[in-house]
């Protein structure tokens, strides 16, 4: 038998547009026996509710406002709730209001053993939220009801620029949620118990009544937990358990689980496949590339190309549907070289896997398509090709060729002498991950690159990363495995930034269209004065006083750069050295770091003096 609930709505503080989402959400918990709404129905501000009352069989309770500025609705609703508590066999109450005046009512109902579900807008004060067993924001319900998508909101990933819109101060951070789940798992482990997905969900709601994965851009708790770096989900049939990723490597955990299944005489094949992927990932972890990821942007997965703005010399990118003017359900891109005489793309073969193809321009039309050889095209999906200006180097994505999860990024080169392609080389981390990673693109004029990943993203979303190519493929040099893991997973893009580096120029350049034959602006520095005045060279500065200040800035920045390079070398030597060598280098490194810290404070002060001097000079000149 379903639990019976009473639905009590404060019409003065809730809009009629929420009624359908409210009823849909409440149906998850049980049968709604009472449906009552409280307000002054003689006033026009409640007129929007009248049609909804008929459509949804809700009983209106008239309550006149006897005193101006006082909400008489509250008292009537509280009295009815207490009557129902003592006279009706109800398992719970749903209180719909954005008013904290119902905090005491919620607490009293819970003291009587009733389940209290609160619903209100994002502005609902924290005391009322916490007084309920469960609290749900109405805006989230409305989104679910009207948009019809599983995942809708932009979810922050690396730099924090794309946080989901939620203005309430009570929203618990993902870090706190993660800490709470880790504590739950640890407590269970101490008692030799597994932690099921359902237990995590119920205990989180007890800790944080307004916890709702929809506030973070997810519709499923499992997807949300998978986005937390310290947690890992394991599934056996319909049973899903949550474990701590940090305790052991994924490889070790899978090995133990396979051994456990063998003891139980259960088929471990699916986990053996995962173990192979984990082995591949571990090998890649040993060669994490030290690449500067300078920006990131979360977009709709179907619209990631909008983030790519290429110079004309780098060719053009289109979706398959737009380029070929077709309604075929093909999820692919088309790369056309700068000359416009060759294209690369992918589509399915006989409704099966995706393969890579190319066409060349013959006179005024495209010739027959040619499938790229099988050492590129694997036994799984291959997609998203991009070709460098040399016409020989191809970057693409593949679910085969030893992929560690979903699409992985690969590179191969055309050998003109043998008319063949070299064996594809899998890119390392952070470009690849256990998620889908695809569409590697380089703009050689801008000196920038992009790639896409759906790691840590809600379904339907992807993150486009902007990075500075590393032609030497220098690796992250650190003895701390957690540092490598963070860089590999792109926990935060700032982790990859060089100290005192400013990437604002390059980020702006990434959004700039550069016509054929033009080169990026040559500049020694970027000194912003104001009112759209920007200087790039010392000779641009008019004031002798300002120029004197900025000459010192340039010299200091040069000194800082040299000191940073020196420190990088010392740190590498420290990491590679034996104990005696480390002890020898330690005071030198500390001294250099102190010197660098002192230097870093100076350019900003001098820039301010130079700016003020230049502004005064320009004003007086007028």
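Residue numbers (our numbering): 598 to 1219. Glycine is no exception: its CB is placed at the ideal position from the N, C-alpha and C atoms.
Taking C-alpha atoms, which residue in the options lies nearest to residue i?
i: residue 1168; options: 1216, 1111, 1074; result: 1074
i: residue 888; options: 677, 1149, 1086, 685; result: 1086
i: residue 996; options: 1031, 821, 1173; result: 1031
i: residue 615; options: 977, 739, 685, 1212; result: 739
i: residue 782; options: 839, 832, 692; result: 839
i: residue 732; options: 989, 812, 933; result: 812
i: residue 1022; options: 599, 1014, 1060, 975; result: 975
i: residue 1042; options: 1051, 1058, 1060, 1066; result: 1066
i: residue 631; options: 608, 603, 643, 609; result: 603
i: residue 713; options: 635, 803, 777; result: 803
i: residue 791; options: 1162, 617, 1176, 830; result: 830
i: residue 984; options: 1001, 998, 955; result: 955
Just how far apart, CA to CA, sit residue i and residue j?
i: residue 703; j: residue 613; result: 22 Å
i: residue 626; j: residue 784; result: 28 Å
i: residue 1201; j: residue 1017; result: 55 Å
i: residue 711; j: residue 823; result: 33 Å
i: residue 775; j: residue 827; result: 7 Å
i: residue 799; j: residue 949; result: 42 Å
i: residue 689; j: residue 1096; result: 56 Å
i: residue 754; j: residue 1062; result: Because the pLDDT of residue 754 is 36, which lies under 50, any placement of that residue in the model is unreliable, and the question is left without a value.
i: residue 659; j: residue 687; result: 23 Å
i: residue 1215; j: residue 1133; result: 17 Å
i: residue 780; j: residue 722; result: 27 Å
i: residue 886; j: residue 1070; result: 6 Å
i: residue 1090; j: residue 1136; result: 35 Å
i: residue 807; j: residue 1079; result: 32 Å
i: residue 1025; j: residue 1010; result: 17 Å
i: residue 978; j: residue 699; result: 56 Å
i: residue 1125; j: residue 1103; result: 15 Å
i: residue 936; j: residue 1040; result: 15 Å
i: residue 1046; j: residue 914; result: 14 Å
i: residue 667; j: residue 817; result: For residue 667, the predicted model reports a pLDDT of 48, less than 50, meaning its position is unreliable and no value from the coordinates is stated.
i: residue 657; j: residue 620; result: 16 Å
i: residue 899; j: residue 945; result: 18 Å
i: residue 1160; j: residue 1059; result: 38 Å
i: residue 1218; j: residue 1141; result: 13 Å
i: residue 691; j: residue 629; result: 9 Å
i: residue 728; j: residue 794; result: 25 Å
i: residue 1015; j: residue 942; result: 23 Å
i: residue 1157; j: residue 1196; result: 7 Å
i: residue 608; j: residue 644; result: 10 Å
Using 8 Å for Cβ pairs, my map puts residue i next to residue j. What's the rounded Cβ distance?
i: residue 972; j: residue 1020; result: 6 Å
i: residue 1028; j: residue 1048; result: 6 Å
i: residue 1221; j: residue 980; result: Lying before the first or after the last residue shown, residue 1221 is absent from the chain, which here runs from 598 to 1219.
i: residue 938; j: residue 958; result: 4 Å
i: residue 916; j: residue 907; result: Incorrect: roughly 15 Å between the Cβ atoms, too far for contact.
i: residue 605; j: residue 674; result: 5 Å
i: residue 911; j: residue 986; result: 7 Å
i: residue 1240; j: residue 1055; result: With the chain represented from 598 up to 1219, any question about residue 1240 goes unanswered, as that position is not in the structure.
i: residue 1111; j: residue 966; result: Not confirmed; about 31 Å, so no contact.
Is residue i buried or exposed, if buried means 16 or more other CB atoms sit within 10 Å of its CB?
i: residue 1105; result: exposed
i: residue 1068; result: exposed
i: residue 1131; result: exposed
i: residue 1036; result: buried
i: residue 749; result: Confidence in residue 749 is poor, its pLDDT being 38 and thus under 50, which makes the residue's placement unreliable; the coordinate value appears in the next sentence. Its Cβ being crowded by 16 or more others within 10 Å, residue 749 is buried.
i: residue 897; result: exposed
i: residue 1113; result: exposed
i: residue 1178; result: exposed
i: residue 717; result: buried
i: residue 994; result: buried
i: residue 1180; result: exposed
i: residue 787; result: exposed
i: residue 926; result: exposed
i: residue 1183; result: exposed
i: residue 1227; result: Outside the displayed range of the chain (598 to 1219) lies residue 1227, so it cannot be described from this structure.
i: residue 685; result: exposed
i: residue 1172; result: exposed
i: residue 930; result: buried
Who are the near neighbours of residue i in its chain, counting only those whose CB is closer than 8 Å to its CB and skipping five residues on each side?
i: residue 709; result: 682
i: residue 1164; result: 1186, 1189, 1190, 1193
For residue i, which residues from the same chain have a beta carbon less than 6 Å from its beta carbon, with the 5 sequence-adjacent residues on both sides left out?
i: residue 805; result: 769
i: residue 1083; result: 1092
i: residue 1100; result: 891
i: residue 633; result: 605, 656, 658
Using C-beta distances below 7 Å, list every residue in its chain close to residue i, excluding the 5 sequence neighbours before and after it, in chain order.
i: residue 1143; result: 1207, 1210, 1211, 1214
i: residue 1199; result: 1153
When the cut-off is 8 Å and only beta carbons count, does residue i lie next to chain B?
i: residue 1086; result: The structure shown contains no chain B; it holds only a single protein chain.
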